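The structure appears below as structure tokens.
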Amino acid sequence: MRRISIFGATGSVGTNGIDLIRRAGGAEAFHVVALTAGRNIERLASSAREMRAEIAVTAHEELLDDLRARLEGSGVEAAAGPAALVEAAARPADWVLSAIVGAAGLAPGLTALAQGGVLALANKESLVCAGPLMRAAADRNGTKILPVDSEHSAIFQALGSESRDSVKHVTITASGGAFRDWPLERLAAATVAEASTHPNWAMGQRITIDSASMFNKAMEVIETHEFFDLEAERIKVLLHPESIIHAMVTHVDGGTIAHLGAPDMRHAIGYALNWPERAPLPVAALDLAKTGSLTFREPDETRWPALRLAREVMAAGGMAGAVFNAAKEQALDDFIANRIGFVQMAPRVEAVLETLSGQAGFADPPADLDMVLHWDRIARQEAAA
Ligand code: NAD
Ligand code: MG
Numbered sequence: 008m009r010r011i012s013i014f015g016a017t018g019s020v021g022t023n024g025i026d027l028i029r030r031a032g033g034a035e036a037f038h039v040v041a042l043t044a045g046r047n048i049e050r051l052a053s054s055a056r057e058m059r060a061e062i063a064v065t066a067h068e069e070l071l072d073d074l075r076a077r078l079e080g081s082g083v084e085a086a087a088g089p090a091a092l093v094e095a096a097a098r099p100a101d102w103v104l105s106a107i108v109g110a111a112g113l114a115p116g117l118t119a120l121a122q123g124g125v126l127a128l129a130n131k132e133s134l135v136c137a138g139p140l141m142r143a144a145a146d147r148n149g150t151k152i153l154p155v156d157s158e159h160s161a162i163f164q165a166l167g168s169e170s171r172d173s174v175k176h177v178t179i180t181a182s183g184g185a186f187r188d189w190p191l192e193r194l195a196a197a198t199v200a201e202a203s204t205h206p207n208w209a210m211g212q213r214i215t216i217d218s219a220s221m222f223n224k225a226m227e228v229i230e231t232h233e234f235f236d237l238e239a240e241r242i243k244v245l246l247h248p249e250s251i252i253h254a255m256v257t258h259v260d261g262g263t264i265a266h267l268g269a270p271d272m273r274h275a276i277g278y279a280l281n282w283p284e285r286a287p288l289p290v291a292a293l294d295l296a297k298t299g300s301l302t303f304r305e306p307d308e309t310r311w312p313a314l315r316l317a318r319e320v321m322a323a324g325g326m327a328g329a330v331f332n333a334a335k336e337q338a339l340d341d342f343i344a345n346r347i348g349f350v351q352m353a354p355r356v357e358a359v360l361e362t363l364s365g366q367a368g369f370a371d372p373p374a375d376l377d378m379v380l381h382w383d384r385i386a387r388q389e390a391a392a
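Each residue of the sequence shown is one higher than the last, beginning at 8 in the working numbering.
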């Protein structure tokens with residue numbers, strides 16, 4: 008039986024993953040090793056019972072007793088805390104879904120990469136913070152990293168067996184998020200509730216707000232750079248309000264291969280689950296006659312300065328990705344807590360990058376997890392409102 012683990016099992020990606028596992032036979036068809044969560048103990052315990060997991064882990068030590076109580080009599084082990092997350096990631100598994108949100112996914116993801124098999128990677132933050140470390144760990148252990156982000160799964164599929172040398176450039180699309188068509192002068196007053204809606208995708212709150220600011224697309228540009236080893240010049244972003252084309256690969260011979268699909272994450276998760284085969288998934292097929300037209304626009308960098316920052320981060324290299332991500336996470340925390348406004352997030356991240364770029368070690372490539380966590384910590388301190 009295939010051994011699987013899901014990190015961030017209670018989130019938007021995680022529950023879609025559980026849904027696919029359930030449809031594919033659940034505990035009868037898979038040996039579920041570890042399921043983990045942050046604070047949603049109720050959902051974690053019920054999924055762990057249903058999937059007969061070996062172990063269920065919450066990131067928060069104070070929730071251990073509650074988790075234990077909910078798992079009583081189930082035979083599922085309970086554990087808590089960041090060290091327990093890493094211990095769970097060290098348990099042998101053939102397929103691991105990395106779907107924690109934020110840099111908190113880095114340590115378990117890196118540990119899981121030592122297991123061989125497949126790491127299905129939704130946690131783009133770990134590639135942005137520590138792409139070279141992730142790639143080296145995968146190479147060292149013969150682990151295959153598969154993208155679980157619609158754009159990157161699309162590039163992966165459109166690329167097929169073609170080498171990166173055949174790629175003229177790739178294009179990832181962006182819906183434009185909640186504020187695509189707002190007058191610029193209204194953005195300063197945008198509320199958390201307004202930023203937390205998405206025109207096409209149902210996702211966790213943080214990535215939904217990051218879609219409105221395009222920090223998500225900025226992260227995805229860096230993710231593309233790290234994942235496919237493509238220079239910044241070969242990565243383009245195109246505004247595509249319908250979210251039907253997820254990415255396109257333009258080859259040196261002028262041919263462009265696009266990947267189209269309904270905006271449903273179960274495609275990218277299911278593709279990674281079934282890879283290298285394909286199997287039916289509960290994803291609606293496209294009806295393009297009904298869609299009618301697909302439209303495209305150049306993204307406006309006055310509205311979305313995060314896109315410019317992504318290029319600066321790639322040009323700087325070293326710890327810029329870790330600093331960018333951490334400053335963004337802190338700015339997002341501060342926006343969600345109403346400490347800063349929507350349009351203050353990008354200038355704050357830019358200021359942190361500028362300040363920390365003068366410090367010794369900023370330009371060095373990530374040597375190990377501790378180094379990344381160090382820069383993550385100081386960037387958050389620097390960014391805090
Ligand atoms: P979410 O907020 O819905 O879920 C996050 C999961 O991580 C939950 O299980 C939560 O309990 C857990 N978690 C939160 N903080 C944690 C911490 N400090 N330590 C350990 N666990 C913690 O997020 P999501 O929308 O499912 O996104 C998950 C990841 O997938 C993110 O990296 C996101 O960028 C990426 N992603 C999501 C989507 C989507 O459709 N939601 C699409 C592409 C990529
Ligand atoms: Mg995406």
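Even glycine gets a Cβ: it sits at the ideal position worked out from N, Cα and C.
Here the structure is a predicted model, which means the values were calculated and not measured.
| Query | Result |
| --- | --- |
| Contact test: S250 Cβ vs the ligand MG heavy atom, cutoff 7 Å | no |
| L120 beta carbon less than 8 Å from that of N148 | yes |
| Per-residue DSSP class, three states only, for F14 | strand |
| Cβ-based burial, K131 [other Cβ within 10 Å; buried from 16] | buried |
| Cβ-heavy atom distance, E158 to the ligand MG, below 7 Å | yes |
| P154 - partner residues in DSSP beta bridges | L128 |
| Short Cβ contact (8 Å threshold) for V20 with T43 | no |
| Expected contact under 8 Å - CB spacing of V103 and A127 to nearest Å | 7 Å |
| Option nearest V135 by Cα separation, candidates R318, F349, D340 and L74 | R318 |
| Completely contained beta strand (DSSP E) runs for the segment 70–121, where each covers 3 or more residues | 84–87 and 102–105 |
| Bridge partners - F37, DSSP secondary structure assignment | R9 |
| Heavy atom of the ligand MG within 7 Å of E227 beta-carbon | yes |
| Beta-carbon spacing of L316, V356 below 8 Å | yes |
| Beta strand (DSSP E) segment containing V256, residue limits | I252 to H258 |
| Environment of P312 [buried if 16+ CB atoms lie within 10 Å] | buried |
| Near the ligand NAD: M210 beta-carbon under 7 Å from a heavy atom | yes |
| Proximity below 8 Å, CB of A279 to CB of L153 | yes |
| Which of helix, strand or coil DSSP assigns to L7 | There is no way to answer for residue 7, as the model of the chain reaches only from 8 to 392. |
| Beta-carbon proximity of V83 to R46, cut-off 8 Å | no |
| Supposed contact pair V330 and W382 - C-beta distance, whole angstroms, cut 8 Å | 6 Å |
| Cβ of R193 within 8 Å of any chain D Cβ | The structure shown has no chain D; it contains just one protein chain. |
| Cβ-based burial, E68 [other Cβ within 10 Å; buried from 16] | exposed |
| Proximity below 8 Å, CB of G18 to CB of A114 | no |
| Cut-off 6 Å between Cβ atoms - residues of its own chain near M5, not counting five sequence neighbours on either side | The displayed coordinates of the chain run from 8 to 392. Any statement about residue 5 would go beyond what the structure contains. |
| Residue environment, A367, which counts as buried when at least 16 other CB atoms sit within 10 Å | exposed |
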